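Per the working numbering: the sequence shown ends with 377, consecutive numbering throughout.
Note that CB positions come from ideal geometry on N, CA and C, so glycine has one too.
Bear in mind that the values here come from a model prediction, so they are computed numbers and not experimental data.
Below is one structure, written out as structure tokens, with a few remarks after it.
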Amino acid sequence: MQDYISACRLPMIRVNGVLLPKLILGHLPFLGESYQGELKNKEYAARFSKIENTISLMSFIVKEYGVTVFAASAYIEDNRLSKLYFQALKEAIDRTGINIAIIPCFRLPLFIGETPVDDYRRWLTYFQIEKSVCEEDELRKKYLTDPILLCRRGWKIKFESALKGHLKPYSPEEINKLSVNYSILSLELRKVMSFNPVLIELGSETDFLAMTGRLDVLSDIIEWLKINIDKPVAIGVHHAGMTVPLIEEEKIECSAYITPINKMGALMLPNKHKALEAIKAANKPIIAIKPLAGGRINPIEAFKFVFKEVKCELCMVGLASKYEAQKDIEIA
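Here you go:
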């Protein structure tokens, strides 16, 4: 079995001792997420419900282009495409003879007392915090028209309803009760450790911990991971303009930031300007995601922006076909 480093044919960058290729294969197309709407999502879900399609594309990308590190989500038992992704990954490793590495992303199981943190109340809390540093009407427009956010089913209607007072942001008293369920996190980690994780990504719930002043919880999670699995940890953020400076100021121990970077400013919060300002000032490596903004940006423009203008050295990109792989990887 050949290791992922010797099999890689792309420039590699060292992140806290771990070598990563310039391009990392994104996983969301394999899970039926296109960021282009329900019709395209159904097309992807149908395509990758046939495991041979997934194995074939994974193997092609590894053998033809030497992309040997893949992104991944947690292994979800009741999600057929999630299970198929890991089955296909195992088969692609066997067929190529290359021990493909993964960067699994884990959603943080945050609770207020016994109740899981609600996604819409969480986002409403972000809005309330960010409007103190942004013009409120512009921020509202960003939240309600961002093309990536609009791909969440019912996002605009539900968030508009939240803004009208049908939900409340989390109070300081509730935030003081914030905790993480380590039993859930431990179970999810165990399910992927039989693969080859080289970097662990903490999901964008980290934005919530940073922006509500609970970086102590984030530090505890990172320390727990260090003790239990001893892998470098990257922090996934959507609100880079707010979260990255807070983490840098508190000197939270992490190896990299994983965050959207694209010419459109899609999912770059609270706005493109503040996100780029924080990204460029960061003292840790940045791994760009959403470089094509869900297929809305020409690949030539997209990668020029990420690599040349922002000077980011690492990028994750989702590919749903051999044609996309040929086009995007060769351009990048």
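Exercise. Taking the alpha carbon of Leu378 as the point to measure from, which residue in Leu70, Met46, Ala311 has its own alpha carbon closest?
Worked result: Residue 378 is absent from the structure shown; the chain starts at 46 and stops at 377.
Exercise. Less than 8 angstroms separating the beta-carbons of Leu247 and Val60?
Worked result: To locate residue 247, count along the sequence shown from 1; it is residue 202. To locate residue 60, count along the sequence shown from 1; it is residue 15. No; because the gap between Cβ atoms is not below 8 angstroms, this pair is not in contact.
Exercise. Fully enclosed by the region 104-162, which beta strand (DSSP E) runs are 3 residues long or longer?
Worked result: 114-118, 146-151, 155-157
Problem set entry | Residue of Gly77, Gln81, Arg198 minimising C-alpha distance to Ser94 | Walking along the sequence shown from the start, residue 94 turns up at place 49. Taking each of Gly77, Gln81, Arg198 in turn and checking the Cα distance to Ser94, the smallest one comes out for Gly77.
Exercise. Hey, Leu254 and Gly286: beta-carbon distance below 8 angstroms or not?
Worked result: As a working note, residue 254 is residue 209 in the sequence shown. As a working note, residue 286 is residue 241 in the sequence shown. Contact: no.
For this session: Indicate the three-state DSSP secondary structure (helix, strand or coil) for Cys196 in the structure shown.
Result: Along the sequence shown, read from residue 1 onward, the residue named residue 196 stands at position 151. Note: Cys196 maps to helix in three-state DSSP.
Exercise. From Val237 to Asp182, what distance separates their C-alpha atoms?
Worked result: Here residue 237 refers to the residue found at position 192 of the sequence shown. Here residue 182 refers to the residue found at position 137 of the sequence shown. Approximately 43 angstroms between the Cα atoms of the pair.
Exercise. If you scan the region 253-290 from start to end, which runs of the beta strand (DSSP E) of 3 or more residues do you find wholly inside it?
Worked result: 278-281
Exercise. From which residue to which residue does the alpha helix (DSSP H) around Tyr368 run?
Worked result: Taking the sequence shown and counting its residues from 1, one reaches residue 368 at position 323. Taken as a continuous stretch (DSSP letters only), the alpha helix (DSSP H) holding Tyr368 covers 367-376.
Problem set entry | Pro336 classed as buried or exposed, judged by whether at least 16 other C-beta atoms fall within 10 angstroms | In the sequence shown, residue 336 corresponds to position 291, counting from 1. By the 10 Å Cβ count, Pro336 comes out buried.
Exercise. Beta strand (DSSP E) containing Ser239: first to last residue?
Worked result: Along the sequence shown, read from residue 1 onward, the residue named residue 239 stands at position 194. No beta strand (DSSP E) holds Ser239; DSSP gives it neither H nor E.
For this session: Assuming Ile50 contacts Val107 (C-beta within less than 8 angstroms), just tell me the rounded distance between them.
Result: Here residue 50 is taken as the residue at index 5 of the sequence shown, counted from 1. Here residue 107 is taken as the residue at index 62 of the sequence shown, counted from 1. Wrong, their Cβ atoms sit about 13 angstroms apart, outside the cutoff.
Exercise. Given 8 angstroms as the limit, is there contact between the region 106-120 and the region 143-160, that is, 3 or more CB pairs closer than that?
Worked result: yes
For this session: State the Cα-Cα distance for the pair Val383 and Phe156, rounded to the nearest angstrom.
Result: Residue numbering for the chain in the displayed model covers 46 to 377; residue 383 lies beyond these limits and cannot be assessed.
Exercise. Where does Ala91 land, buried or exposed, given buried means 16+ other C-beta within 10 angstroms?
Worked result: For this step, residue 91 is matched to residue 46 along the sequence shown. Around the beta carbon of Ala91, a 10 Å sphere encloses fewer than 16 other beta carbons of the protein chains shown; the residue is thus reported as exposed.
Problem set entry | Distance, Val262 Cα to Ser224 Cα | Here the question's residue 224 lines up with position 179 in the sequence shown. Here the question's residue 262 lines up with position 217 in the sequence shown. The straight-line gap from Cα to Cα measures roughly 7 angstroms.
Exercise. Taking the C-alpha atoms as reference points, what is the distance between Pro74 and Tyr165?
Worked result: Translated into the one-based positions of the sequence shown, residue 74 becomes position 29. Translated into the one-based positions of the sequence shown, residue 165 becomes position 120. Answer to the nearest angstrom: the Cα atoms are 24 angstroms apart.
For this session: Kindly indicate which residue of Lys222, Ala377, Pro344 has the alpha-carbon position closest to the one of Leu359.
Result: If you number the sequence shown from 1, residue 359 lands on position 314. Checked all of Lys222, Ala377, Pro344; the closest Cα to Leu359 is Ala377.
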